[in-house]
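2 protein chains.
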Amino acid sequence: MSGEDAAPAEQQNAVEQKQETKPAEEPKAEPPKTEPAPASGAAEAAASPAAATEKVPEEEAFTYRALVLTGYGGYDKVKLQVKKGKPTLKAGEIQVRVKACGLNFADLMARQGLYDRMPSPPVTPGMECSGVVEAVGEEVTDRKVGDKVMVLSRFGLWQEVVVVPASHTFLIPEGMSFEDAAALPVNYITAYMMLFDFGNLRPNQSILVHAAAGGVGIAATQLCKTVKDVTVFGTASASKHETISQGGVTHPIDYRTKDYVEEVRKISPKGLDIILDPLGGSDTHKAYNLLKPMGKLITYGTANMLAGQKKNLLAVAKNWYHQFSIHTLSLIQGNKSVCGFHLGYLEGEMELITQAMDSILDLYKQGKVKPHIDSTWHLEQVGDAMRKMQERNNIGKVILTTEPMPEEEKKEEPKKEDKKEEKKKDDKKKDDKKKDDGKKEEKKDDKKKEEPKKEEKKEEEKKEEAKKEEAKKEEK
Amino acid sequence: MSGEDAAPAEQQNAVEQKQETKPAEEPKAEPPKTEPAPASGAAEAAASPAAATEKVPEEEAFTYRALVLTGYGGYDKVKLQVKKGKPTLKAGEIQVRVKACGLNFADLMARQGLYDRMPSPPVTPGMECSGVVEAVGEEVTDRKVGDKVMVLSRFGLWQEVVVVPASHTFLIPEGMSFEDAAALPVNYITAYMMLFDFGNLRPNQSILVHAAAGGVGIAATQLCKTVKDVTVFGTASASKHETISQGGVTHPIDYRTKDYVEEVRKISPKGLDIILDPLGGSDTHKAYNLLKPMGKLITYGTANMLAGQKKNLLAVAKNWYHQFSIHTLSLIQGNKSVCGFHLGYLEGEMELITQAMDSILDLYKQGKVKPHIDSTWHLEQVGDAMRKMQERNNIGKVILTTEPMPEEEKKEEPKKEDKKEEKKKDDKKKDDKKKDDGKKEEKKDDKKKEEPKKEEKKEEEKKEEAKKEEAKKEEK
């Protein structure tokens, strides 16, 4: 679930076998209860069990759109489908009408079959979303219909309706937009727990934040600035330096043109107190050697494994070969700490997560942290959204909105740069509900929204039609 | 320098070669400047360089007793010798008249050649002591003659006079005895940095303290009690349970008759937040598996390597074979942290150490921590003192005093249990200067002081005579 995270490589080939035993191993790991839509029309028909035919028409008429990973591979493997049947709520659960969803690195890994925390396809991805409570199960006392909430889950949130344990939700504070609320949970909880639990960050310390323009990177930088006189080294490509500097990075480093180890040593010859490592492989070795005595290396992903749209076996093997292994005697002689973090493996610890979230929301209310939205995309555009993130073209969070895509956009041919102004207006209309986000960030976001969209539009239209036909068949 | 610490096994056979390059590698690692006494009379004569003959008689007449490790092996390898020649002070250094010295596990490892932070014999061991400043070098502004200080060093403090950088000393607070002051630095700094830097100990957490009746164990337990509602599991043999329970251990576990992992799981099925591991080998594996998510394993020694008076190659090999090595992917999937700590490798970080010491002394002044002295021994009795610690018969700290051994004690045959009362009185007299330590603990300490002493007495007397003769020869 962690922002820059990756599936542990050692289990990548074992995902399917493992799936079978997972429910028994991890009773708490309940995904949202809305059924995943099957990959094909035929399968979709089969997905509604016999019982469905006995349901009252109202329940059967209940449909909602959902993104479904139909098989491992490229961006086109995540398809927009329509699920049907009103979900039932168990005790402790709530039903949420989803407004916005966050994209995370682990979603990209999952699409390639590199993330063992998501069941095998067909399955709905998505670890975080925001929305409005529209039904409440028995024994739920702290959520009511109409509450605006953020949701955390192992997978399954990229759809219009989700059913989740109330304990996996957090009330959205006054004035926070749904986009911000969808951007916050995974990145900020990850950054917070790494910095303040494992990292034990204190005044005057120095830290290296890789991918400082990514979701976790921006969250970590903001959280570092809540502690006095922390020096933040942040890697990012040069075009992102202005933004991350404004966000609090003391020393931006262009990792594409410079050796970040050398750059850090120039300024901090003794090394660093904390290093956040989302990369894995040989970068973990570098990080370990760059630690000061009493330094802490916190590794939370293997993004180096992710090279290209589809699974790159060479990248996976290389990462695996260079994977870091540490001997306790080396730790003793170096007075060093090596920590591993991954929110996706922490779902049994909702108490710890809720504590972290409470602290984060306090900081949000004080204006000390605020998600930086890179761009917002319609569900139909998920492929482009994933591409933007995977190709590292984002600054901050990539968000999906469940808002229907305007008909004119669907029918239009792909817009290019010359149509920017027109599209900007469209986007502005959609953004009317973002009363408070305002300012600079939003303007940047709007610009970004213009870039994506299209290409898959026609394909989507075809699918929509195909689905309607299938839906008709089912009704028969 | 860490209390329960051990030399890293991988370097044990390389100690001698390494020694040659050490000064260049570690300019800050200056041992106290008083010259180590050589192993034999002949060598001792050679140790006074030609320049010595040009010194004024007063300086040449300056002698002091020193314990010297004359070769790797059993308890008898540490011998009491007389060093001569007044040390010279460089800028930033002070000369301290030593009152009491602390014994640490690393000293035991060093005697067997298992600790690479001490030069090869002949060399004076000793990582901590207390005493009175009797000379001050140039540029020293924060220490003056007459100040009572604690001293930390990589080795070389088991002698009556030491010259050390002023920055490696700490002022003894009002009312603290020299014994307590000699007991405090290594154990408390080790425990403090492990718990509050790496461990990030917080209210309601649970912790396993191995060797809970040892110096670091008692310090760690006391420090845990400064945090609200911390549950302390402590291993110790059954006879020590009453003491450690009174000291704050919530659940004492007799590791000799019970499986500590099972015992912990009975009470904390999910495992523990922090585990302090001075043992190494297979116990580190057990500790890792016993961690909760977000748990921290802090390993700070390989005491399992220490089996018997002399180096036990089987124990060393076994420890080495079982030595723990961890893969980052396992850390990520477990959300775990593995840290290594060893004060002996941290000497370049006096700022961090001083910060920790300041906090510890604040807690001392508030009455929240206080060293527990197991027993105090004369320099002549160092063999017995080491034996007591190595055979795990101590509860708390084993201390050496530089106070001269009363003549009657030297001439007496070894006293046994029946002479307890008489010896108690002797000890009481010596303890008159401990005005404040008082109470229960001191009474226990007195009892313990009766047990040791003797056996090597006669040998020591012979040595003293031999040395006097050698000294005479030198004067000629």
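From first to last, the protein sequence lines are chains A and B.
Residue 30 is where the first sequence starts when you use my numbering, and the numbers rise one by one after that.
Residue 30 is where the second sequence starts when you use my numbering, and the numbers rise one by one after that.
Positions of the beta carbon are idealized from the N, C-alpha and C atoms, including for glycine.
Predicted, not measured: the structure shown is a model, and the values here were computed from it.
* **Simplified DSSP state of His280 of chain B, which is helix, strand or coil** => Strand.
* Would you tell me roughly how many angstroms separate the C-alpha atoms of Pro433 of chain B and Ala249 of chain A, rounded to the nearest one? => If you draw a straight line from the Cα of Pro433 of chain B to the Cα of Ala249 of chain A, it comes to about 59 Å.
* contact_flag[the segment 373-393 of chain A, the segment 201-217 of chain A] where n(CB pairs < 8 Å) is 3 or more -> Yes, the segment 373-393 of chain A touches the segment 201-217 of chain A.
* **Residue nearest to Ile424 of chain B in terms of C-alpha spacing, selected from B:Glu409, B:Glu438, B:Gln410 and B:Thr405** => Checked all of B:Glu409, B:Glu438, B:Gln410 and B:Thr405; the closest Cα to Ile424 of chain B is B:Thr405.
* Quick one: is Gly377 of chain B near chain A, going by C-beta distance under 8 Å? -> Yes, Gly377 of chain B counts as interfacial toward chain A.
* Asked: Does the segment 180-190 of chain A touch the segment 144-152 of chain A, meaning 3 or more C-beta pairs lie closer than 8 Å?
  -> Touching, yes, given that three or more Cβ pairs across the two stretches are closer than 8 Å.
* List, in order along the chain, the chain B residues whose C-beta lies closer than 8 Å to that of Met323 of chain A? -> Result: Met222, Asp226, Phe227, Leu375, Glu378 and Leu381.
* Asked: Which residue or residues does DSSP assign as beta-bridge partners of Arg285 of chain A?
  -> In the DSSP output, where bridge partners are listed per residue, Arg285 of chain A has none listed.
* With a cut-off of 8 Å on the beta carbons, I'd call Ile8 of chain A and Ile218 of chain A a contact; round off their distance for me. => A question about residue 8 of chain A goes unanswered here, because the residues of chain A that appear run from 30 up to 505.
* Got a sec? Which residues, its chain only, sit under 7 Å from Ala414 of chain B by beta carbon, not counting five neighbours each side? -> Excluding residues within five positions, the ones whose Cβ falls inside 7 Å are Leu132, Trp406, Val427, Leu429 and Pro481.
* Nearest-angstrom Cα distance between Ser266 of chain B and Ile247 of chain B? -> The alpha-carbon of Ser266 of chain B is positioned some 14 Å away from that of Ile247 of chain B.
* To do: State buried or exposed for Arg285 of chain B, treating a residue as buried only when at least 16 other CB atoms are found within 10 Å of its CB.
  => Arg285 of chain B comes out exposed.
* Asked: Touch check for the segment 89-97 of chain A and the segment 147-159 of chain A: three-plus C-beta pairs under 8 Å?
  -> Because the criterion of three Cβ pairs below 8 Å is met, the segment 89-97 of chain A and the segment 147-159 of chain A touch.
* Less than 8 Å separating the beta-carbons of Leu326 of chain B and Ile304 of chain B? -> Contact annotation: Leu326 of chain B and Ile304 of chain B have beta-carbon atoms nearer than 8 Å.
* Please report the residue range of the beta strand (DSSP E) in which Ala139 of chain A lies. => Per DSSP, Ala139 of chain A belongs to no beta strand (DSSP E); it is in the alpha helix (DSSP H), Phe134 to Arg140.
* **Continuous beta strand (DSSP E) assignments of at least 3 residues falling wholly in the segment 244-268 of chain B** => For the beta strand (DSSP E) assignment, the uninterrupted runs of no fewer than 3 residues enclosed by the segment 244-268 of chain B are, from N- to C-terminal side, 260-264.
* Asked: Does the separation of the CB atoms of Thr125 of chain A and Glu167 of chain A fall below 8 Å?
  -> In the sequence as presented, Thr is not what sits at residue 125 of chain A; that position holds Val. If you check the CB distance, Val125 of chain A and Glu167 of chain A do not come in under 8 Å.
* Asked: From this set, B:Asp306, B:Leu320, B:Tyr104 and B:Ala195, which residue's C-alpha is nearest Arg294 of chain B's C-alpha?
  -> For the residues B:Asp306, B:Leu320, B:Tyr104 and B:Ala195, the minimum Cα distance to Arg294 of chain B belongs to B:Leu320.
* Asked: When you check each C-beta in the segment 357-372 of chain B against every C-beta of chain A, which residues fall closer than 9 Å?
  -> Residues Thr357, Leu358, Ser359, Leu360, Ile361, Gln362, Gly363, Asn364, Lys365, Ser366, Val367, Cys368, Gly369, Phe370, His371 and Leu372.
* What span of residues does the alpha helix (DSSP H) with Ile389 of chain A cover, start to end? -> Here the alpha helix (DSSP H) through Ile389 of chain A covers Met379 to Lys394.
* Is the number of C-beta pairs between the segment 363-378 of chain A and the segment 168-178 of chain A that are closer than 8 Å three or more? -> Under the three-pair Cβ rule at 8 Å, the segment 363-378 of chain A does not count as touching the segment 168-178 of chain A.
* **Under 8 Å from the C-beta of Glu296 of chain B: neighbouring residues of chain A** => First, the residue type needs correcting, since residue 296 of chain B is Ile and not Glu in the sequence shown. The contact set of Ile296 of chain B on chain A, defined by CB atoms closer than 8 Å, is empty, because the minimum CB distance reaches about 18 Å.
* Any residues in the segment 307-319 of chain A with a beta carbon nearer than 8 Å to a beta carbon of chain B? Which ones, in chain order? -> Sequence-ordered contacts of the segment 307-319 of chain A with chain B read Gly309 and Thr313 [C-beta pairs closer than 8 Å].
* Asked: Mind checking whether Val127 of chain B and Glu208 of chain B have CB atoms under 8 Å apart?
  -> No, the Cβ-Cβ distance between Val127 of chain B and Glu208 of chain B is not below 8 Å.
* List, in order along the chain, the chain B residues whose C-beta lies closer than 9 Å to that of Tyr329 of chain A? -> Going along chain B in sequence order, the residues near Tyr329 of chain A (Cβ under 9 Å) are Ile361.
* Asked: Given that Ser354 of chain A touches chain B, what residues does it touch there, using C-beta distances under 8 Å?
  -> The contact set of Ser354 of chain A on chain B, defined by CB atoms closer than 8 Å, consists of Ser354, Ile355, His356 and Thr357 in chain order.
* Asked: How would you write the range of the alpha helix (DSSP H) that Gly363 of chain B sits in, first residue to last?
  -> Boundaries of the alpha helix (DSSP H) around Gly363 of chain B: Thr357 to Gly363.
* Closest by C-alpha distance to Val165 of chain A, when choosing among A:Gly244, A:Phe91, A:Val290 and A:Thr117 -> Across the set A:Gly244, A:Phe91, A:Val290 and A:Thr117, the C-alpha of A:Thr117 shows the shortest separation from the C-alpha of Val165 of chain A.
* Gly377 of chain A to Arg172 of chain A span [Cα, whole Å] -> Rounded to whole angstroms, Gly377 of chain A to Arg172 of chain A spans 20 Å at the Cα level.
* **Other residues of its chain near Pro150 of chain A: CB distance less than 6 Å, five sequence neighbours each side excluded** => Once the five neighbours on either side are set aside, the close Cβ partners of Pro150 of chain A are Leu98, Thr99 and Gly100.
* Could you check how far apart the C-beta atoms of Leu375 of chain B and Pro322 of chain A are, in whole angstroms? I think they sit under 8 Å. => Yes, Leu375 of chain B and Pro322 of chain A are in contact; Cβ-Cβ is about 6 Å, under 8 Å.
* Looking only at its own chain, which residues have a Cβ that is under 8 Å from the Cβ of Ser398 of chain B, when we skip the five neighbours before and after it? -> Checking the displayed sequence, the identity of residue 398 of chain B turns out to be Val instead of Ser. Taking C-beta separations shorter than 8 Å and ignoring five residues to either side along the sequence, the partners of Val398 of chain B in its chain run Tyr217, Ala248, Gln251, Leu252, Thr255, Ile389 and Leu392, following chain order.
* To do: Quick one: residues in its chain with C-beta nearer than 8 Å to the C-beta of Phe227 of chain A, no 5 flanking neighbours on either side, listed in chain order?
  => Non-local C-beta neighbours of Phe227 of chain A in its own chain, meaning closer than 8 Å and more than five positions away in sequence, comprise Lys325, Ile327, Ser366, Cys368 and Phe370, ordered along the chain.
* Would you mind working out which of B:Asn364, B:Asn422, B:Ala344 and B:Lys339 sits nearest Val107 of chain B, comparing C-alpha positions? => Nearest C-alpha to Val107 of chain B: B:Lys339.
* Between the C-alpha atoms of Ala139 of chain B and Lys417 of chain B, what's the straight-line distance to the nearest angstrom? -> Lys417 of chain B has its alpha-carbon roughly 16 Å from the corresponding atom of Ala139 of chain B.
* Asked: Can you list the beta strand (DSSP E) stretches of 3 or more residues lying completely in the segment 87-137 of chain B, in chain order?
  -> Given a length threshold of 3 residues, each whole run of the beta strand (DSSP E) inside the segment 87-137 of chain B is given here in chain order: 92-98, 107-113 and 122-131.
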